[in-house]
Amino acid sequence: MVKLSKNQINSVLENIKAVVFDMDGTLLDSLKLWETIDKRFFAERNIEINYEKYFGVTMGMTHPERAVYTKELFNMKESAEEILNLWMNEYYNNFEENVELFSGVLSFMQQLKHRGIKMGIATANRKEVYEQLTRKYPQLHQYTVMGGGIAFSCLLCEQLYIKIFCHFQCG
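Take the UniProt record's numbering: the last position of the sequence shown gets the number 171, and nothing is skipped along the way.
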């Protein structure tokens, strides 16, 4: 991890007006939970995989893309939608106890708020997941506008970020 001096941080943040964070993997340390979900999913179906290789191939995919890829790769009987729902339900049910913010997230957001920088959180997860996040970390609500629950394709992800930035302009 790169450590920046206060002067370097000030220089970087000087002209920034707004920031939109992605939730999973950026603010939240959720990779361990996703790994557990994936490994359990494959074990329940008696499918042996090289998880590092699978993760390397699927890490840049949206959840629906991963579900389609997984169904096709392993010729699974479940539909991609069923696979996706299984994953998302397990994530939601285990989120509160097994996912934490990365160290330093809240203090960094506090610095941004102090500088008048607007913040948003975008997520492809269901609305209930980011609602659960703000119940667990209520201070996030005071810093941010949140958007999510619709972003299941790259186009919709782009629309989600635009929607949040429009809120900054209009709200």
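All C-beta atoms, glycine included, are put in the ideal place defined by N, C-alpha and C. Bear in mind that the values here come from a model prediction, so they are computed numbers and not experimental data.
Do you know offhand how far residue i's Cα is from residue j's?
i, j, result
"Gly60", "Arg66", "9 Å"
"Asp38", "Trp87", "8 Å"
"Phe74", "Gly25", "26 Å"
"Lys163", "Glu72", "33 Å"
"Glu96", "Leu33", "11 Å"
"Glu52", "Asn94", "22 Å"
"Glu48", "Tyr54", "11 Å"
"Ile16", "Thr70", "39 Å"
"Glu82", "Lys6", "48 Å"
"Gly116", "Glu90", "37 Å"
"Lys136", "Gly104", "16 Å"
"Phe42", "Thr134", "31 Å"
In terms of residues, what are the limits of the alpha helix (DSSP H) holding residue i?
i, result
"Phe108", "Val105 to His114"
"Thr123", "No alpha helix (DSSP H) contains Thr123, which is instead part of the beta strand (DSSP E) from Lys118 to Thr123."
"Phe55", "Tyr51 to Thr58"
Would you identify the three-state DSSP class for residue i, choosing helix, strand or coil?
i, result
"Glu44", "helix"
"Val2", "coil"
"Glu82", "helix"
"Leu28", "strand"
"Pro64", "helix"
"Lys127", "helix"
"Glu14", "coil"
"Asn75", "coil"
"Ile9", "helix"
"Tyr137", "coil"
Are the Cβ atoms of residue i and residue j separated by less than 8 Å?
i, j, result
"Leu101", "Leu4", "no"
"Ala122", "Val20", "yes"
"residue 172", "Leu112", "Within the shown structure, residues of the chain are numbered from 1 to 171, placing residue 172 beyond reach of any answer."
Excluding sequence positions up to five away, which residues of its chain have a Cβ less than 7 Å from the Cβ of residue i?
i, result
"Tyr92", "Arg126, Glu128 and Val129"
"Ser30", "Asp24 and Val99"
"Val68", "Ala80"
Starting from residue i, trace the beta strand (DSSP E) in both directions and tell me its first and last residue.
i, result
"Val99", "First-last for Val99: undefined, no H or E at that position."
"Phe21", "Ala18 to Asp22"
Here's a check: name, in chain order, each residue in its chain whose Cβ is nearer than 8 Å to the Cβ of residue i, leaving out the five neighbours to either side.
i, result
"Glu35", "Tyr51 and Phe55"
"Val57", "Tyr69"
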